[in-house]
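Novice: After the structure tokens below, expect a handful of questions from me.
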Amino acid sequence: MRSCVHNKMWGSRAFLAGWLLLLLVQLLCLEAVPISIDKTKVKEPEKKPEEPPASVDTGLHYDRYLREVIDFLEKDQHFREKLHNTDMEDIKQGKLAKELDFVSHHVRTKLDELKRQEVNRLRTLIKAKQDLEGGNDIAVDHQALLKQFEYLNHMNPHTFEVEDLDRLIRSATKDLENYDKERHEEFKRYEMMKEHDRREHLKTLDDEERKKEEEHYEEMKKKHADHPKVNHPGSQNQLKEVWEEADGLDPEDFDPKTFFNLHDTNGDGFFDEQELEALFTKELEKIYDPTNEEDDMVEMEEERLRMREHVMNEVDSNKDRLVSLDEFLVATKKKEFLEPDSWETLEQNQAYTDDEMREFEEHLAQQEQDLNQKAFDLQKQRDELERQQEQLNAQKMELQQAVEHMERLKSQKVDPPPEVLGNAVPEIPAVDSQLHEAQQQGHDPAPQGHHPVPEGHDPPLQEHHPLPEGHDPVPEGHHPAPQGHDSAPQAPQDIPQEHHGQENQNQAQQGLPQTHDNIPPGHQEVVQSQNQLP
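Per this note's numbering, residue 386 is the first one in the sequence shown, and the count goes up by one each step.
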């Protein structure tokens, strides 16, 4: 026989709706009261191999932290002994938490490590939430945000102290006590939403279809309500029916002690919530069938919860969410057990009132209006963004066209011919400018004895023509002034060749005659003299 409440709690759904106080009480090892059984009438249940209890999630967001703390506290012998001598009221008042100061160093070290891991987990969750909300660039005040987690002493994130255990007990007690209440509220919302959807569907139908739909709905309601009588949960009639149909025993031989022993499936001397709910299966099968259109399995689970709560309220005298053998035997002697009232099922007790339904639909209408307004605002933002995008695209197109125009202008620019760039042109003196003007006016500036060069032919620079008779050669280094001029400007001879080349290029672009620095020696004086003639 499994004699430890710890195994019972971890292996049942009672832990789901239970509270932390039971997790501590479960550490006490209790023996079931021996019951004399008439073996001629009771079949011995088959013994099943021992299996480790399954660890069931409580549904709390700190479930893992809660279970690990309990596991380590259970390993300390001193804490177990103190728990053995502590009643439920002292646990509620936090007296047991003070015993944490006397547990072994090894356990305290493990608890410190568990707390640090839990704090880091919460910080990671806070950071992830901030990132999802778009505040990843905002500094996070972890200390302020950790205040919302009441089960943890956030002021000391490093060590597990007495206050941490006290907080854990109080928070888990409060959170798990509200578990059933939250389930009822969730079921109420489910029922109201189902009715709301039905009404909305009727609005989409014409008169004839709406009439048919209403008739079908009423037919399903009547069919669902047409079921065998449901016994009052926890009553003698209800338990006798289980005794007969599930256990295969004679209802005339019903014995409360034997019944308790048969259905205390983990043998710990208590009926937990899971074991109690298993007793109502036969009653629920009278009302609900998963193959029937008119039967809703969500409603069946709500009915099961209502039955279990009713039995707990009548039988669980110390309110620890467990039914001991003594509590069960006392309940079987009450009038409510022997002569119970009839049990009203869900179809006889609507989950919501008309006022609640009206408020629910108004809330849905407001939510729909808010969503429509948000959708309208988002559409406006989208239109504005599209308009801005079109403007940006137009500006981009204009810039591309401007760049293409600049590229075309750049490609159309004419560069000077290579042969011009290869000749170095010296600076032209003022006389050369006058000579160029005379040529443009149709005058032949060539002196007597010089033959004009036919148009289209370059002068033969290689030949040296002798001066006409009567002309004296010009002394070297002296240049006679042209007629009509007192003095002729001297051609600069000390200009660098690079400068000559640049000016030669400029003169070629302006249509001016060029000087030839590349003429062979001995001919430069002739060319120079020709340039200086009037």
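No residue lacks a Cβ here, since even glycine has one placed at the ideal position from N, Cα and C.
(1) Would you call the CB atoms of Gly-619 and Val-696 closer than 8 Å?
(2) Alpha helix (DSSP H) containing Leu-561: first to last residue?
(3) Determine, using beta carbons only, whether Lys-667 and Ala-631 come nearer to each other than 8 Å.
(4) I'd like to check one pair, Glu-679 with Met-605: are the Cβ atoms closer than 8 Å?
(5) Please report how far the alpha carbon of Glu-686 lies from the alpha carbon of Leu-707, in whole angstroms.
(6) Measure from the alpha carbon of Asp-714 to the alpha carbon of each residue in Met-742, Asp-701 and Asp-448, then state which is nearest.
(7) What did DSSP end up calling Val-615 once you bin it into helix, strand or coil?
(8) In this structure, does DSSP put Phe-722 in helix, strand or coil?
(9) If you measure from the CB of Glu-503, is any heavy atom of the ligand COA nearer than 7 Å?
(10) What is the residue span of the alpha helix (DSSP H) that Leu-351 lies within?
(11) Could you compute how far the alpha carbon of Ala-446 sits from the alpha carbon of Leu-690?
(12) Tell me whether Phe-534 sits in a helix, a strand or coil according to DSSP, three-state version.
(13) With burial defined as no fewer than 16 other Cβ atoms inside 10 Å of the residue's Cβ, what is the status of Glu-775: buried or exposed?
(14) Is it right to say Ala-482 is buried, meaning 16 or more other beta carbons lie within 10 angstroms of its own, or is it exposed?
(15) Helix, strand or coil: how does DSSP classify Val-708 here?
(16) Rounded to a whole number of angstroms, what is the C-alpha to C-alpha distance between Val-788 and Gln-751?
(17) Could you tell me the alpha carbon to alpha carbon distance between Asp-486 and Met-742, rounded to whole angstroms?
(18) Using a beta-carbon distance below 8 Å, is Ile-455 in contact with chain D?
(19) Under the three-state reduction of DSSP, which class applies to His-609: helix, strand or coil?
(20) To the nearest angstrom, report how far apart Asn-734 and Glu-562 are at their CA atoms.
(21) DSSP has Phe-655 in a bridge; who is on the other side?
(22) Sort Glu-724, Lys-720, Ala-610 and Tyr-737 by Cα distance to Asn-677 and report the nearest one.
(23) Where does Asn-541 sit, in a helix, a strand or coil, going by DSSP?
(24) Counting C-beta neighbours from all protein chains within 10 Å, is the total for Met-782 16 or more, i.e. buried, or is it exposed?
(25) Skipping 5 residues on each side, what residues in its chain have a beta carbon closer than 7 Å to that of Val-603?
(26) For Leu-731 and Glu-746, I'd like the C-alpha separation in whole angstroms.
(27) Could you tell me if Glu-599 is buried or exposed, where buried requires 16 or more neighbouring beta carbons within 10 angstroms of its beta carbon?
(28) Counting C-beta neighbours from all protein chains within 10 Å, is the total for Arg-767 16 or more, i.e. buried, or is it exposed?
(29) Just to confirm before moving on: does the CB-CB distance between Val-454 and Leu-553 stay below 8 Å?
(30) Return the first residue and the last residue of the alpha helix (DSSP H) that Asn-505 is part of.
(31) Report buried or exposed for Thr-643, applying the criterion of at least 16 other Cβ atoms within 10 angstroms of its Cβ.
(32) Label Asn-646 either buried or exposed according to how many other C-beta atoms from any shown protein chain fall within 10 Å of its C-beta, with 16 as the threshold for buried.
(33) What's the gap between the Cα of Val-427 and the Cα of Glu-662?
(34) Return the CA-CA distance between Leu-723 and Glu-753, expressed in angstroms with no decimal places.
Specialist: Taking the definition as stated:
(1) yes
(2) 547-562
(3) yes
(4) yes
(5) 20 Å
(6) Strictly speaking, residue 714 in this sequence is Leu, with Asp absent from that position. Out of Met-742, Asp-701 and Asp-448, Asp-701 has the C-alpha closest to the C-alpha of Leu-714.
(7) coil
(8) helix
(9) As far as ligands go, the structure on display features none, and thus does not contain the ligand COA.
(10) Any question about residue 351 goes unanswered here, given that the chain covers just 386 to 919.
(11) Checking the sequence shown, residue 446 turns out to be His, not Ala. Each residue's Cα considered, the two are about 23 Å apart.
(12) coil
(13) exposed
(14) buried
(15) strand
(16) 55 Å
(17) 53 Å
(18) Absent from the structure: chain D. Only one protein chain is present.
(19) helix
(20) 24 Å
(21) Ser-709
(22) Ala-610
(23) coil
(24) exposed
(25) Just to set this straight, residue 603 is Glu in the shown sequence, not Val. Hits under 7 Å: none found.
(26) 22 Å
(27) exposed
(28) exposed
(29) yes
(30) 490-517
(31) buried
(32) buried
(33) Residue confidence is low: Val-427 scores 44 on pLDDT, short of 50, so the model does not pin down where it sits. No coordinate-derived value is stated.
(34) 53 Å
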